[in-house]
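For the sequence shown, counting from 1, position 70 maps to 70 in full-length UniProt numbering; every step adds exactly one.
Just so it is clear, CB atoms sit at the ideal spot from N, CA and C, and this is done for glycine as well.
Since the structure is predicted, the reported quantities are computational estimates derived from the model, not experimental observations.
One structure below.
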Amino acid sequence: AGYVAKLNDLTKGTDWEKKSLTQVVLESYGNPNTQAIFNNAAQTWNHTFYWHSLRPQGGGAPTGVVKDLILQSFDTVEKFNTTFKDAALAQFGSGWTWLVEKDGKVSILKTANADNPINQGYRPLITLDV
């Protein structure tokens, strides 16, 4: 809630206020003048993605297209799990570990602080807040 409140304060009465959260993340990225807007928008986006990926009685092995993509890149779900966990444990400081897709292939991406895979042209599939 803190990121949302701060973002609302920073964008109140500006053109940013009329944009979608994804637009704010993409358009504020990499500009020192909008760093605070980016940080709060991206953390809001990241946490929203994370919370929306959880469900009651969830868990278990991936299924469907995500499973197929994992098997193409990691051979087994177990190998993916180990690689994903190791990447998360190796993250220094605050950040995120992501399973991302680009051009039909998946990979593991780590981002620091509020950084976000959509700014790098990836489509996030799974994330872990570290």
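Rounded to whole angstroms, the gap between the alpha carbons of V66 and Q43 is 24 Å. If you compare the alpha carbons of V100, D115, T82 with that of S94, the shortest gap goes to D115. In the DSSP assignment, S73 falls within the unbroken alpha helix (DSSP H) covering 64-74. Residue state for P56 is assigned as coil, using DSSP reduced to three classes. Relative to the Cα of L69, the nearest Cα in the group P124, A1, N8, F92 belongs to P124.
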